[in-house]
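*Asks:* I'd like to ask you about the structure that follows.
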Amino acid sequence: MKMRVPFNDLKKHHELLQPALGEALQRVIAQTAFIRGPEVDQFEKEFAALVGVRHCISCANGTDALYIGMRALGLKPGDEVITTAHSWIATSETITQAGGRVVFCDTDAATFTIDPADIARKITPRTRGIIPVHLYGQPADMDPILELARKHGLWVIEDCAQAHLAEYKGRQVGTMGDMATYSFYPGKNLGAMGDAGGIVTNRDDLVEWMTNFARHGGKGNHHIEGINSRMDGLQGAVLRVKLPHLRRWTELRRQVAANYDRALLGVGDLELPTVAAGRSHVYHLYVIRTARRDALRAHLTAAGVDTVLNYPKALPFYPAYAYLGHQPADFPRAAHHQDRILSLPIFPEMASEQQQHVVDSIRDFFARP
Ligand SMILES: *Cc1c(COP(=O)(O)O)cnc(C)c1O
Numbered sequence: 036m037k038m039r040v041p042f043n044d045l046k047k048h049h050e051l052l053q054p055a056l057g058e059a060l061q062r063v064i065a066q067t068a069f070i071r072g073p074e075v076d077q078f079e080k081e082f083a084a085l086v087g088v089r090h091c092i093s094c095a096n097g098t099d100a101l102y103i104g105m106r107a108l109g110l111k112p113g114d115e116v117i118t119t120a121h122s123w124i125a126t127s128e129t130i131t132q133a134g135g136r137v138v139f140c141d142t143d144a145a146t147f148t149i150d151p152a153d154i155a156r157k158i159t160p161r162t163r164g165i166i167p168v169h170l171y172g173q174p175a176d177m178d179p180i181l182e183l184a185r186k187h188g189l190w191v192i193e194d195c196a197q198a199h200l201a202e203y204k205g206r207q208v209g210t211m212g213d214m215a216t217y218s219f220y221p222g223k224n225l226g227a228m229g230d231a232g233g234i235v236t237n238r239d240d241l242v243e244w245m246t247n248f249a250r251h252g253g254k255g256n257h258h259i260e261g262i263n264s265r266m267d268g269l270q271g272a273v274l275r276v277k278l279p280h281l282r283r284w285t286e287l288r289r290q291v292a293a294n295y296d297r298a299l300l301g302v303g304d305l306e307l308p309t310v311a312a313g314r315s316h317v318y319h320l321y322v323i324r325t326a327r328r329d330a331l332r333a334h335l336t337a338a339g340v341d342t343v344l345n346y347p348k349a350l351p352f353y354p355a356y357a358y359l360g361h362q363p364a365d366f367p368r369a370a371h372h373q374d375r376i377l378s379l380p381i382f383p384e385m386a387s388e389q390q391q392h393v394v395d396s397i398r399d400f401f402a403r404p
C-alpha cells in the first residue's frame, strides 16, 4: 500500500490524549461552564506562568487578540502600524480594523522574519507601533526592533501565533514587547478543538481595559462598548490537558526538523530553514525553498505527501492590498520567497517511516533530470 503523509495528524494527536481529554470535556459539561468559567480562569493563570508574564487575557481567537491589543493601545485613525510583508493576513487586517494604516516591511533573506533595517526606513511621525511576527516558529530579530521602538516611542506587539516557547537570546517570545498575542487554532503548536486565543502582557495598566473590552465592556457593568470575544469553557479544558505536553511536543518537532536538515542537505537546489544565532526555532512549520517549487509540490502530491504554501503570496500582493499600489521591487526578498517556499509535513506524532517517505520522495524528484 502506498504511504500517505498528511500535513498534520490531529486525529492521532487527540487519540493519544485520551482518556484525559474526554474526562476534561465531561467536567465542563457537568459544570455547564460553556463560556469562560473555571477551566478558562485556570488556563489563563497556567499559560501566563508558562510564558513568564503576569497576565493572560483569553479571547476567542488569535486574530481578536491582535485587534483587542491594538484597541487597548489606543490606535487612532491615520496612525501607522509597521508589520511584515510575509505573514498570515490576521496580522495586517486587524491593523485596519483597529483604525490604523498598514505599513509593510520586507523580510530578512535567511529567516523570513521582518527586516529591522526596513522598519527604520518606514518610521514616520505617524507611526505608533510595530508588530513583528515570529514566523514559522523562529523569533524575529527583537533587539534592533525594541531599540527602534524605544528611540521613537512606539509600542511593540509580538505576534506569537506560530511560536509558542521559542526563544530569542534566552528570552521567551511573548515577554519582550508591550504585549504578545497567541492563537490556539487547532493546528498551532498548542491548539484547542476549535478557535481560541490569548493576549499576554506585563502592562498592568492595560489588563482591565482588555478584559472588559473582550466581554462587552465588562460583566455586570458596561464601562465601555466592547466586543464579544470570549474563550469557550470546553476550549479552556482542552488547552489545560494539552499544556503540560507542549515542551515535549516542541522537542519532537525539533527532532523531525533535525532529521530533515540532515537528510535534505545538499539535495538539488534546496535551501533549508536556517536558525539565526541566539534564536531557538519551534518549527510550527518547516519551510524549504527551491526554484522548482511547483514541480516538486506536484511530485510530492503524487507520492502521497501533503504540502502547504505558507503563504501563496506576500501580503502586499493580495487584492486586499491593491490599494497600496505596491510592486515586487518594494519587497524584493518577500517577493522572491513567495514563489519558492514549500512547507513540508511536520508534527510531533510524525513516524520515522513518514519522515523517510518525505525525504525519499524529495530525493527521487531531484534525482530525475
Ligand atoms: C494563526 C495566526 C493568527 C491568527 O490566529 P487565529 O486564531 O486563527 O485567529 C495570527 N497571526 C499569525 C502569524 C498566525 O499564524
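For the sequence shown, our numbering assigns the number 404 to the last residue and increments by one with no breaks.
Glycine included, every Cβ here is placed at the ideal spot set by N, Cα and C.
Give a yes or no on whether 8 Å exceeds the smallest Cβ distance from L331 to chain D.
*Replies:* Going by chain labels, chain D is absent from the structure shown, which holds only one protein chain.
*Asks:* Starting from I259, follow the alpha helix (DSSP H) in both directions and report where the run begins and ends.
*Replies:* Per DSSP, I259 belongs to no alpha helix (DSSP H) and is neither H nor E.
*Asks:* For the beta strand (DSSP E) holding S218, just list the boundary residues, first then last.
*Replies:* 214-218
*Asks:* Are L82 and C94 touching if we call contact CB-CB under 8 Å?
*Replies:* Residue identity differs from the one stated: residue 82 is Phe in this sequence, not Leu. With a cutoff of 8 Å on beta-carbon distance, F82 and C94 are scored as not near each other.
*Asks:* If you count every other CB in all the chains shown that lies within 10 Å of the CB of G104, and 16 or more means buried, which is it?
*Replies:* buried
*Asks:* Taking N263 as the reference, which of G253, L269, Q270 has the closest Cα?
*Replies:* G253
*Asks:* Distance, Cα to Cα, T342 vs S378?
*Replies:* 6 Å
*Asks:* Between I154 and G57, what straight-line distance do the alpha-carbon atoms span, to the nearest angstrom?
*Replies:* 47 Å
*Asks:* What is the DSSP secondary structure of R283, reduced to helix, strand or coil?
*Replies:* helix
*Asks:* Under 8 Å between the Cβ atoms of L300 and I323?
*Replies:* no
*Asks:* Taking the alpha-carbon positions, what's the T159 to K80 distance?
*Replies:* C-alpha separation (whole angstroms): 38 Å.
*Asks:* Please determine if the region 70-79 and the region 264-272 are in contact, where contact requires at least 3 C-beta pairs separated by less than 8 Å.
*Replies:* yes
*Asks:* For I166, does the three-state DSSP call read helix, strand or coil?
*Replies:* strand
*Asks:* Quick one: is L65 buried, meaning 16 or more other Cβ sit within 10 Å of its Cβ, or exposed?
*Replies:* The residue you asked about is not Leu; residue 65 is Ala in the sequence shown. When all chains shown are included, A65 counts as exposed.
*Asks:* Check whether the Cβ atoms of Q362 and V40 lie closer than 8 Å to each other.
*Replies:* It is not a contact, given that the beta carbons lie outside the stated cut-off.
*Asks:* Which same chain residues, not among the five before or five after H49, have their C-beta less than 7 Å away from its C-beta?
*Replies:* Cβ within range, chain order: L56.
*Asks:* Would you call Q61 buried or exposed, if buried means 16 or more other Cβ atoms sit within 10 Å of its Cβ?
*Replies:* exposed
*Asks:* State the Cα-Cα distance for the pair N224 and A120, rounded to the nearest angstrom.
*Replies:* 23 Å
*Asks:* Does the beta-carbon of G97, which I'm using as the reference point, lie nearer than 7 Å to any heavy atom of ligand 1?
*Replies:* yes
*Asks:* Could you tell me which uninterrupted beta strand (DSSP E) segments, each at least 3 residues in length, are contained entirely in the region 60-133, listed from first to last along the chain?
*Replies:* 90-94, 115-119
*Asks:* Determine, using beta-carbon pairs with one atom in the region 132-145 and one in the region 106-118, whether at least three such pairs fall under 8 Å.
*Replies:* yes
*Asks:* Check this for me: beta carbons of I259 and M245, under 8 Å apart or not?
*Replies:* No; because the gap between Cβ atoms is not below 8 Å, this pair is not in contact.
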